[in-house]
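Residue numbers (the working numbering): 10 to 208. We put the beta carbon where it would ideally sit given N, CA and C, even for glycine. Remember, it's a predicted structure, so these values are computed and weren't measured experimentally. Below: the structure, in structure tokens.
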């Protein structure tokens, strides 16, 4: 049975704001893992998915002797504090079976908070905006696709501006299946219970 995130993280009262997430996976059925993550996010009463980017394939960074990654970005609206949202994301990663490995190694699912509309955080376990987002094309390209004008609060630049200035020349390959359309189709045709039985 899948985790009941709605019960663990009840609705909050502050005004929602936009938060940009980056998802990556290079183990198992990566596309289905992304769909699982989207369904899990929707279980949270105080998280609303606003947009989902295309999916891009790319080579791994750092340790290269591993399968290629799929990456995408998801724009959410939430009133959660970023620390609480971070806890939700870690729970979703655990739910899909993420194992702890050395840095740069394989990931069943990795979900990072890239940037928040009105909030910056600097803690030992969480830094927002993500300190390396401007260096990574696999983050900026899908980010600019769904949140082109969203501002980096420290750099004062939009996602599209950061993409234009990015020095990462990694080649991204557009995944042929649309995550956004598949998510919308499943969201509209499956109940939460029937979707849970898929995992």
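Between residue 118 and residue 42, the gap from beta carbon to beta carbon is short of 8 Å.
Judged by their CB atoms, residue 29 and residue 152 are nearer to each other than the 8 Å cut-off. 8 Å or more divides the Cβ of residue 169 from the Cβ of residue 84.
Separation of residue 128 and residue 137 (C-alpha to C-alpha, rounded to the nearest whole angstrom) is 8 Å.
Exposed is the label assigned to residue 24, since fewer than 16 other Cβ atoms lie within 10 Å of its Cβ. Residue 134 is classed as exposed because its beta carbon has fewer than 16 other beta carbons within 10 Å across all chains shown. Exclusion of the five residues before and after residue 183 leaves 63, 65 as the residues of its chain whose Cβ lies within less than 7 Å of its Cβ. Taking a C-beta distance under 8 Å as the contact criterion, residue 181 and residue 67 qualify as a contact pair. Nearest C-alpha to residue 176 among 147, 106, 107: 147. A residue is called buried once 16 or more other Cβ atoms fall within 10 Å of its Cβ, and residue 102 is buried on that count. Per DSSP, residue 181 lies in no beta strand (DSSP E) segment and is marked neither H nor E. If you draw a straight line from the Cα of residue 185 to the Cα of residue 94, it comes to about 30 Å.
The residue among 69, 26, 73 with its C-alpha nearest the C-alpha of residue 57 is 26.
Here residue 145 is buried, its C-beta having at least 16 other C-beta atoms within 10 Å. With fewer than 16 other beta carbons inside 10 angstroms of its own, residue 109 counts as exposed. For residue 88, the closest C-alpha among the options 55, 97, 49 is that of 55.
In this structure residue 178 is exposed. Its beta-carbon is surrounded by fewer than 16 other beta-carbon atoms within 10 angstroms.
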